[in-house]
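>
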Amino acid sequence: MALSEFERKRQENIKRNQELLSKLNLDSISNNISKEIERSSASPQPQKNKKRALRSVLGRVAKKEEKAKKVVEPARRSRRIAGIQSEQDNPEEYAKHRAEEEARERRKREYEELKRTKLFGDFNLIDLVTDKKHGEMVFESKVRNNSNGNNSNNSTENGSNKSDDGDNDKVKIESDENRKNEDVDVDNLVHENNEVLKLMQSLGDRFSAGDFYEQIKRNAPSGDKSVDAKRKEFDSKTIFPKYDPLQIGITHKRITAINFHPAVEDRIVAAGDTNGNLGLWAPDSSSSSDDAEPSITILRPHGKNISKIVTPRNHLEKLYSTSYDGSVRSLDLNKLSSSEVVSLNDSYGSDYGISDMNISSENPNLLYLSTLEGVFTRIDIREKPRDPEYLRLHDKKIGGFAINPQALYQIATSSLDRSMRIWDLRKVNSLIYSEYEDQRSPHMYGNYTSRLSISTVGWNSENRLVCNGYDDQICIFNYNKSPEITLWSDDFMPDYKRTSRKQSANEDEIVLPNNLLPVNKIKHNCQTGRWVSILKARWQEDPQDGVQKFIIGNMKRGMDVFDQEGNILGHLNDNMGAVPAVCSLHPTQNWAVGGSASGKIYLIE
C-alpha cells in the first residue's frame, strides 16, 4: 500500500530524530541510568536512590564531556596573563604594547568604516562576490584598496582630501584570509559564483529590443477587462513551486529594493538590501537538477542601503542601482562588470544619499534622482564633467518620486514632511515654500498634506497617481480629466487662494496650498515598525492585459493588487512565511515578486 504524503513525511521525521538522538549518545546514558536504578531498587529507599542514581550518571557524563572539550584561550587577555609587565615595572614595554593595541583598534575602526563607504571605479562582478554564510566580501582587501586608489586620484583632481605632505590619504586594508580560510573554501566559492554569473551572462545576451517590440509600439492599453475576471486570474496564482521560499535567500540582510526584469523567458529577479548587497536570481535556470540550490549570486556594489534598481529600456542587459552612499552604479550582465555611473555630493563634499531614481523614456541617458536631503537633480550620463543643478523640493527626505509618462517635465514627489507635491520642471525660480535660503525650486502646481509622512508616489500612463504612507491610507488621484494635467501651464495653480496667509499674524510663515485632492482612499495597514521595510505602492509599468494596476505589501504576509479605480483584484498570500514588504509586478505579465526582512524572495506566478 502506497504511503500518503503525510505518512511519508512523518516517517522521515522519525528517522531524522533517531539519527539526531544517536549522535547525542543518549542510548549509553539510558543504559547507565537503568543499571544504576536496578542496583538502587534493592535498597530500603528506592525512590530516593533512583534520583541519586540519575544525578550520579549525569554528573559522570558531564565530567567526561568537560574533559573532552578543548581548552580555548580567551580572545581578550589581561596584560598579567599575557606576561606583559606593568607600567611601573617596564614603562617602555608597556608603552609599546599600548601603542600596538591602539593601532590595532584604529585599523579595525577604519576597516569597518571603509566597508560602509561607496566604491569608486569599475570592477569585475566576481570581485564583488560575497560569502553567503558570513555576508562578507571575499575579496574585500583587493576591492577596497583599488577603490580607494581611484578615489584618491579623483580627489587629487578636485584639489581636496589631501594629506599634509601632499600625498593622498589611503587606508590600507589588512587581509582577512586567516579568518575566512577557517570555514570558507574561496576557490570553490568563486567557482560556484562564476557558474551563476556565466548563466546571468548567457541570459543577458538573449535580450534585444525585438523581444519587446509589441510593448514598445503599444502606446495605450487595449481596454479594461471586468474586475471579476481579473480576480479570478489572480486567485489562480500560486507560489513558484520549484523551490521552498526559505531556500531563495537572495540577499544577506533586509531587502529594501527589488526589480523584476522585463524578460518573459529566462526571467531575472534582482534585489538590494540594507548593507549594499545586490542579489541576482534566475528562477527559470535549467542548468542544474531539480534538487540543486537556486541559481543565486550575491554581490556588494554599494556600501549602504540600496534604494532603487532599474532596468534601462535601451540596455536590457544592464541594471542601474542607487544607494544611500550617494552612488549610481551600472551592472552589465553581458560583460559581468560593475561601473560607476555618477556620485552625488553637496557643496561641502559630503555624499547625497539617493532615495529614488527614474530614467527618462525619451532620453535613456537622462537620470532623474532624489535625495535623503530633499533635493532633486537631472543628470545626463554622457556629459563630463558633470555639474548637476540641485533643486530644493522638500525640506526633508524625499521618499520617492514619479515622472508623468505623457509629460516628462512634470514630476510628483512624496516626503517625510507629510506632503505629496506636483512640480513643473520647465520653470525654475527662487524658493517659496522652504526654510532654506539661496536655493532654487521649480514651479509647484499643488500640494497634498497627510497626517503622517508619505512614503512613495507613482504615476501611470493614464494620469493616475497613487501614494501611501504611515497614515494607513492608499490615496488615488485622477488628473485625466478636464483640464488634463498635461495642459497645465508652467504658472498653473488650480483652485488655490492665499486666504490663510492674509489671516496669519506672522507674515514670514510659509503657507502651503492644499489643493490636490484624492478621488479615492483605501484603508491599508502601513505600520511596518523597525524590522520590516517601508510598504510602497508600485504601478505595473506596461500591463499586457491593458488593466492599469498597482501592488503593495500586506502586513499579514501577503501582497495586494488594486486597479486604478481602487478595486482590489487579488490578495496573494500563498505559503508566505514573512511579510513581502518590498514587492513588484512584472512590467508586462501578471507575475508578482516580494522580498522579506530576512532576504528571502516570494515569486507568485
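Each position in the sequence shown, counted from 1, maps to that position plus 2 in the working numbering. Glycine included, each C-beta is placed from N, C-alpha and C at the ideal position. Quantities reported herein were computed from a predicted structural model and do not represent experimental measurements.
Measuring alpha carbon to alpha carbon, tell me which residue in 301, 305, 327, 306 is nearest residue 321.
301
> Pull up the distance between the alpha-carbon of residue 345 and that of residue 272, whole angstroms please.
If you take the alpha carbons of residue 345 and residue 272, they lie about 22 Å apart.
> In chain order, what residues of the same chain lie with their CB nearer than 6 Å to the CB of residue 24, ignoring the 5 residues before and after it?
none
> Are the stretch 443–456 and the stretch 389–398 in contact at 8 Å, needing three or more beta carbon pairs?
yes
> Taking only runs of the alpha helix (DSSP H) that begin and end inside the stretch 443–527, which ones reach a length of at least 4 residues, in chain order?
501–505
> Kindly indicate the opening and closing residues of the alpha helix (DSSP H) around residue 116.
Taken as a continuous stretch (DSSP letters only), the alpha helix (DSSP H) holding residue 116 covers 93–117.
> With which residues is residue 238 paired in a DSSP beta bridge?
Note: residue 238 sits in no beta bridge, so no partner.
> Would residue 421 and residue 402 qualify as a contact pair, given that the criterion is a beta-carbon distance under 9 Å?
Contact: no.
> Within the continuous beta strand (DSSP E) that includes residue 348, where are the two ends?
From DSSP, residue 348 is part of no beta strand (DSSP E); its letter is neither H nor E.
> Looking at C-alpha atoms only, which residue of 196, 275, 230, 340 is the closest neighbour of residue 251?
275
> Any idea which residues DSSP pairs residue 420 with across the strands?
In DSSP, residue 420 forms no bridge with anything.
> Measuring only the C-alpha atoms, how far is residue 333 from residue 282?
11 Å
> Measure the alpha-carbon distance for residue 110 versus residue 474 and round it to whole angstroms.
43 Å
> Here's the rule I'm using: 16 or more other beta-carbon atoms within 10 Å means buried, otherwise exposed. How should residue 488 be labelled?
exposed
> Going residue by residue through the stretch 354–397, where are the continuous beta strand (DSSP E) segments of at least 3 residues, counting only ones entirely within it?
356–361, 368–373, 377–382
> For residue 268 and residue 131, I'd like the C-alpha separation in whole angstroms.
Going by the C-alpha atoms only, they are around 22 Å apart.
> Between residue 290 and residue 388, what straight-line distance do the alpha-carbon atoms span, to the nearest angstrom?
Because residue 290 carries a pLDDT of 48, less than 50, the predicted location of this residue cannot be relied on, and the following value inherits that uncertainty. Rounded to the nearest whole angstrom, the CA to CA distance from residue 290 to residue 388 is 45 Å.
> Out of 534, 478, 496, 491, state which residue places its alpha-carbon closest to the alpha-carbon of residue 564.
For residue 564, the closest C-alpha among the options 534, 478, 496, 491 is that of 478.
> So which of 589, 117, 570 has the shortest CA-CA distance to residue 548?
589
> Counting C-beta neighbours from all protein chains within 10 Å, is the total for residue 105 16 or more, i.e. buried, or is it exposed?
exposed
> Out of curiosity, what's the CA-to-CA distance linking residue 11 and residue 17?
10 Å
> Could you check which residue in 136, 343, 126, 198 has the C-alpha nearest to that of residue 277?
136
> Considering only C-alpha positions, which residue in the set 385, 384, 444, 365 is nearest to residue 392?
444
> Could you tell me the distance, in whole angstroms, from the CA atom of residue 592 to the CA atom of residue 516?
Computed Cα separation, rounded: 36 Å.
> Buried or exposed: residue 6, going by 16 or more other Cβ atoms within 10 Å of its Cβ?
Residue environment: residue 6 is assigned as exposed (fewer than 16 neighbouring CB atoms within 10 Å of its CB, all protein chains considered).
> With a Cβ-Cβ cutoff of 9 Å, do residue 540 and residue 467 count as a contact?
Judged by their CB atoms, residue 540 and residue 467 are not nearer to each other than the 9 Å cut-off.
> Would DSSP call residue 412 helix, strand or coil?
Strand, per DSSP.
> Given a cut-off of 9 Å on the beta-carbon distance, is the pair residue 126 and residue 340 in contact?
yes
> Quick one: residues in its chain with C-beta nearer than 8 Å to the C-beta of residue 375, no 5 flanking neighbours on either side, listed in chain order?
348, 354, 355, 399
> Distance check for residue 343 and residue 1, CA to CA, integer angstroms please.
No answer is possible for residue 1: it lies beyond the span of the chain, which begins at 3 and ends at 607.
> Unbroken beta strand (DSSP E) runs of length 3 or more, entirely within the stretch 528–586: which are they?
551–556, 560–565, 570–574
> Taking DSSP as the reference, what is the three-state secondary structure of residue 142?
helix
> Looking at the structure shown, is residue 230 part of a helix, part of a strand, or coil, going by DSSP?
helix
> Find out if the Cβ-Cβ distance for the pair residue 606, residue 200 is shorter than 9 Å.
no
> Let me know the secondary structure DSSP gives residue 198 once reduced to three states.
Helix.
> Distance, Cα to Cα, residue 447 vs residue 147?
48 Å
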